[in-house]
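Beneath this line is the structure, given in structure tokens, with notes to follow.
In the numbering used here, the protein residues as written are 407 to 477.
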């Protein structure tokens, strides 16, 4: 535990702690905004299209490779 020699030191540390809590709250709010954006309807639909589109491309490439080898 820290020992203080004056009220100025106490006030200084209290201001620092208050600013640190404000920074933490702001970071939490920013994280919440990013989470909301990640789970938005449009973002989920875009991710699904991307995922299935990628699978379709891989399937098409795979079938073409198999045709070349005559399998």
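No residue lacks a Cβ here, since even glycine has one placed at the ideal position from N, Cα and C.
- Query: Roughly how many angstroms separate the alpha carbons of residue 441 and residue 408, rounded to a whole number?
  - Reply: Here residue 441 refers to the residue found at position 35 when the chain shown is read from its first residue. Here residue 408 refers to the residue found at position 2 when the chain shown is read from its first residue. Rounded to whole angstroms, residue 441 to residue 408 spans 38 Å at the Cα level.
- Task: Would you tell me roughly how many angstroms separate the C-alpha atoms of residue 428 and residue 415, rounded to the nearest one?
- Result: Here residue 428 refers to the residue found at position 22 of the chain shown. Here residue 415 refers to the residue found at position 9 of the chain shown. Roughly 20 Å between the two C-alpha positions.
- Query: If you draw a straight line from the alpha carbon of residue 443 to that of residue 462, how long is it in whole angstroms?
  - Reply: Here residue 443 refers to the residue found at position 37 when the chain shown is read from its first residue. Here residue 462 refers to the residue found at position 56 when the chain shown is read from its first residue. A direct Cα-to-Cα measurement between residue 443 and residue 462 gives close to 27 Å.
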